Amino acid sequence: MTLITVPLAVIPFSPFVSSIGLLTQTGDYTRRSFIYGSVICLLVALVPALTRLFCSIPLPVSSAVMLVSYLPLLFSALVFSQQITFTARNIYRLALPLFVGIFLMALPPVYLQDLPLTLRPLLSNGLLVGILLAVLMDNLIPWERIE
Numbered sequence: 585m586t587l588i589t590v591p592l593a594v595i596p597f598s599p600f601v602s603s604i605g606l607l608t609q610t611g612d613y614t615r616r617s618f619i620y621g622s623v624i625c626l627l628v629a630l631v632p633a634l635t636r637l638f639c640s641i642p643l644p645v646s647s648a649v650m651l652v653s654y655l656p657l658l659f660s661a662l663v664f665s666q667q668i669t670f671t672a673r674n675i676y677r678l679a680l681p682l683f684v685g686i687f688l689m690a691l692p693p694v695y696l697q698d699l700p701l702t703l704r705p706l707l708s709n710g711l712l713v714g715i716l717l718a719v720l721m722d723n724l725i726p727w728e729r730i731e
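Numbering (my numbering), first residue to last: 585 to 731.
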């Protein structure tokens, strides 16, 4: 996967939302930082000792690091939500993806173990499912008629 993503200058196995966090944290909006990150990921993938080292990092530590890139994303979402006048009908636009995402993040992994291996990473990521649900709802529901 890393060999495919390096020419595209994207960081492999990283959701797009963390890329937004990286942009806001660094203030560097050029592709250069993504190219550097992709090359570093490629080098790590090519050196087994480095791969083992990064795989040995406990999940809570790596999650704390990812939190740093997600906080600016939360800030931008809160700023954007101030531009919307919520009503009793359109609150579902925000609440449903948010609560589904939180529910999936709190769901014990044992509930997902019977699902196909291709679906488990998607459904165990509450942030990704919440974003997908928000995009689907935004494109499929005629909000202008509801409001």
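Even glycine gets a Cβ: it sits at the ideal position worked out from N, Cα and C.
In this text, all values refer to a predicted model and were calculated from it rather than measured experimentally.
Asked, Found
"Proximity winner among 727, 613, 712, relative to residue 673 (alpha-carbon distances)", "727"
"Residue environment, residue 681, which counts as buried when at least 16 other CB atoms sit within 10 Å", "buried"
"For residue 729, three-class secondary structure by DSSP", "helix"
"Terminal residues of the alpha helix (DSSP H) in which residue 690 lies", "676 to 690"
"heavy atom of the ligand MG below 7 Å from residue 691 C-beta", "The ligand MG is not part of the structure shown, which contains no ligands of any sort."
"First through last residue of the alpha helix (DSSP H) which encompasses residue 718", "710 to 724"
"For residue 704, the first and last residue of its enclosing alpha helix (DSSP H)", "704 to 707"
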